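Engineer: Let me begin by handing over the structure; questions about it come next.
There are 2 protein chains.
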Amino acid sequence: MMKPDHRGQPAVPCLACPLRMKPAFKDKSDEEVRFIQATKLEHRFVAAGTDIIHPGQEDAELYTLFSGWAFRYKSLADGRRQILNFLLPGDLVGLQASLLSASAHGIEALTDVELCTFPRKRIWDLFVKMPALAYEVAWLGSREESLIDENLTSVGQRNASERIAALLISLYRRADALGLVNDHSFQFPLTQQQLADALGLSLVHTSKTWARLRRAGLFAMSGGRLTLLNPRLTARMASLFDRELEPRPLL
Amino acid sequence: MMKPDHRGQPAVPCLACPLRMKPAFKDKSDEEVRFIQATKLEHRFVAAGTDIIHPGQEDAELYTLFSGWAFRYKSLADGRRQILNFLLPGDLVGLQASLLSASAHGIEALTDVELCTFPRKRIWDLFVKMPALAYEVAWLGSREESLIDENLTSVGQRNASERIAALLISLYRRADALGLVNDHSFQFPLTQQQLADALGLSLVHTSKTWARLRRAGLFAMSGGRLTLLNPRLTARMASLFDRELEPRPLL
DNA sequence: GGGAGAAACTTACTTGAGTTATTGAACTGC
DNA sequence: GCAGTTCAATAACTCAAGTAAGTTTCTCCC
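Structure follows, in structure tokens:
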């Protein structure tokens, strides 16, 4: 099912990182970027559907997602699964897993994925030598927590339509900040089962509600791309206030 | 409605902090504790039912909860509210709020509460001068995220009884680690409305399910104390695996 | 000790969401 | 070119959870 397409390609030098140019990310001093570049290992490729970090794994590395999508998830003994949040390019992957002794969750590649590896052994080094970067790691951790807070609020308080609206607008905004949105449309690689697992709804109810909102003209899908036809309305449906996404650090 | 009972009392010196003795917390070098003590301001008292940090607040300080319980919450425009997690003594209060530019959530005192204040202006100082403490701040942030992951999994995947069981066992274990459990019983200050907001259920359904589990002998309440009559069974009901709580840093 | 408010608890009823099962379309591999 | 998968869509039925509208029980304050 999987074909990592550039396996073995040499790592992109961080100073010339195409992600870093995007407006989603804060500027960094050359010294900091050089430190990052010196610390990182070669890129790692993971095929769609494969775990990047296994539940319970004890030696998880810290990554930055270079390309593709991933998600963090937690499973119950009987197979029920909750998708906790989605990871897009530039997001840290495995911060919690690399700080705590064992990962309480799994992280799976949603699409084929390319990762920059920041070895967990050197995280401590970063705290000692580069306090500004360490601060940004903590900042990124807090930002991730705030995304999960929003998801928890969705699943706990919003009904099926509102949950879908909230998820769509949140992914739309994040993709937009990365320059992945063209004419209100962006690559949308989720299956309905993954949607259901993220929304805390059954597959059937997700499918029904999804189809209803699509027919109502909220969005359209074709060729794996989703077009949000009315972002303002979508945000209103989710009773989600516009908060501007401020630029974030890229490690 | 509220009477902060020791207002004005001089701060307990951190080196003699009664919390620090508990097995829940890791040992720290004297140097680190002295740094903490030098940085902290006097204690702040907040009465039950009052916000410690307001939603949207931009200058939130960082605290350690010295005594009492609190919770983080997020509200929707129409008044629906999700309680994100509960805070017990020794937990950091307001890490996310003090790192990000504005707090995306509120934090409310559940009981009368006493807080040690770590001024947000000096967080940066801590990253520069005390990398070990900075690392522990990041660690505590990840630990909080992992608690929220668990709550999100509960609300998204478990039914009403399982959610109550999961909440009970989690609070029970945390209280136990702090030495607050006596003979399977501990102070339990939540109203049913707060329970409902945390579980993502309606007040009525919470009340019905709560009463059913109580009648079934899972727990008993009297005088504001809750007795977990069968912790093992409770954990099994929630299909929650026993993970030992490892000692955590206290700041 | 009695009145006012909260909080806890019930009852009766409705509905949103879950379950089970079928079908069809799109893609895979042999 | 057919068999095997995976994913999306829909129908029929059940049930967990929500809503509305109480009553009871505390607590605390005058």
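Top line first, the protein sequences correspond to chains A and B.
Each residue of the first sequence is one higher than the one before, starting from 1428 at the first, in our numbering.
Each residue of the second sequence is one higher than the one before, starting from 1428 at the first, in our numbering.
C-beta: ideal position from N, C-alpha, C; glycine also.
Please read all numbers here as calculations on a predicted model, not as lab measurements.
Looking at the C-beta of Asn-1586 (chain B), does it have a partner C-beta in chain A at a distance below 8 Å?
Structural biologist: Output row for Asn-1586 (chain B): interface = no.
Engineer: Please tell me whether Gly-1521 (chain B) and Glu-1469 (chain B) are closer than 8 Å, where the distance is taken between their beta carbons.
Structural biologist: No, they are not a contact pair.
Engineer: Are Ser-1666 (chain A) and Leu-1503 (chain B) closer than 8 Å when you measure CB to CB?
Structural biologist: Cβ atoms of Ser-1666 (chain A) and Leu-1503 (chain B): closer than 8 Å.
Engineer: Taking all protein chains shown into account, do 16 or more other C-beta atoms lie within 10 angstroms of the C-beta of Arg-1508 (chain A), making it buried, or fewer, making it exposed?
Structural biologist: With 16 or more Cβ atoms within 10 Å of its Cβ, Arg-1508 (chain A) is classed as buried.
Engineer: Looking at chain A, is there any beta carbon in it that lies within less than 8 Å of the beta carbon of Tyr-1490 (chain B)?
Structural biologist: With 8 Å as the cut-off, Tyr-1490 (chain B) does not count as an interface residue toward chain A.
Engineer: May I ask which residues mark the beginning and end of the alpha helix (DSSP H) holding Glu-1589 (chain A)?
Structural biologist: It spans 1587 to 1604 - the alpha helix (DSSP H) in which Glu-1589 (chain A) sits, taken as one unbroken run.
Engineer: With DSSP as the reference, please indicate the residues paired to Gln-1692 (chain A) in a beta bridge.
Structural biologist: Only positions 1428 to 1678 of chain A appear in the structure, and residue 1692 (chain A) is not among them; the question remains open.
Engineer: Between the segment 1529 to 1537 of chain B and the segment 1470 to 1490 of chain B, do at least 3 Cβ pairs fall closer than 8 Å?
Structural biologist: Segments in contact, yes.
Engineer: If you measure between the beta carbons of Ile-1596 (chain B) and Pro-1558 (chain B), is that distance less than 8 Å?
Structural biologist: Cβ distance not < 8 Å, so Ile-1596 (chain B) and Pro-1558 (chain B) don't count as in contact.
Engineer: Quick check: the Cα distance between Pro-1572 (chain B) and Asp-1478 (chain B), rounded to an integer number of angstroms?
Structural biologist: The sequence given here places Glu at residue 1572 (chain B); Pro does not occur at that position. Their Cα atoms are separated by approximately 21 Å.
Engineer: Can you name the residues of chain A whose CB is closer than 8 Å to the CB of Leu-1527 (chain B)?
Structural biologist: The answer, in chain order, is Trp-1566, Ser-1569, Arg-1570, Ser-1573.
Engineer: Consult DSSP for Ala-1536 (chain B) and reduce its assignment to one of helix, strand or coil.
Structural biologist: Strand at Ala-1536 (chain B).
Engineer: Under a CB-based cut-off of 8 Å, is Ser-1456 (chain B) close to chain A?
Structural biologist: No, Ser-1456 (chain B) lies away from the interface with chain A (no Cβ there is under 8 Å from its Cβ).
Engineer: Using the C-alpha atoms, what's the distance from Arg-1641 (chain A) back to Asp-1505 (chain B)?
Structural biologist: Whole-angstrom Cα-Cα distance: 25 Å.
Engineer: Are the segment 1604 to 1616 of chain A and the segment 1562 to 1577 of chain B touching, with three or more C-beta to C-beta distances below 8 Å?
Structural biologist: Verdict: no, contact absent.
Engineer: Near Ser-1494 (chain A), which residues of its chain fall below 8 Å by C-beta distance, leaving aside the five closest residues on each side in sequence?
Structural biologist: Excluding sequence neighbours, Ser-1494 (chain A) sits near Pro-1516, Val-1540, Glu-1541.
Engineer: Under three-state DSSP, which class holds Asn-1609 (chain A)?
Structural biologist: Residue state, collapsed to three classes: strand.
Engineer: Considering only the alpha carbon of each residue, which of A:Thr-1633, A:Ala-1536, A:Thr-1661, A:Pro-1676 lies closest to Leu-1598 (chain A)?
Structural biologist: Checking every option, the nearest Cα to that of Leu-1598 (chain A) belongs to A:Thr-1661.
Engineer: Under 8 Å, Cβ to Cβ, is there at least one residue of chain A near Trp-1551 (chain B)?
Structural biologist: Yes, contact with chain A.
Engineer: At the level of alpha carbons, what is the spacing between Val-1631 (chain A) and Met-1664 (chain A)?
Structural biologist: Taking the straight line joining both Cα atoms gives about 21 Å.
Engineer: With 16 other CB atoms within 10 Å as the buried threshold, where does Trp-1551 (chain B) fall?
Structural biologist: Exposed, by the Cβ-count rule.
Engineer: Between the Cα of Leu-1526 (chain B) and those of A:Leu-1537, A:Ala-1561, A:Leu-1553, spot the shortest distance and give me the residue it belongs to.
Structural biologist: Per the Cα distances, A:Ala-1561.
Engineer: Any idea if Ser-1467 (chain A) is buried or exposed, counting beta-carbon neighbours within 10 angstroms, 16 or more meaning buried?
Structural biologist: Checking the sequence shown, residue 1467 (chain A) turns out to be Lys, not Ser. Lys-1467 (chain A) comes out buried.
Engineer: Taking Cβ positions only, does Asp-1576 (chain B) come closer than 8 Å to chain A?
Structural biologist: Taking Cβ atoms only, chain A reaches closer than 8 Å to Asp-1576 (chain B), which makes this a yes.
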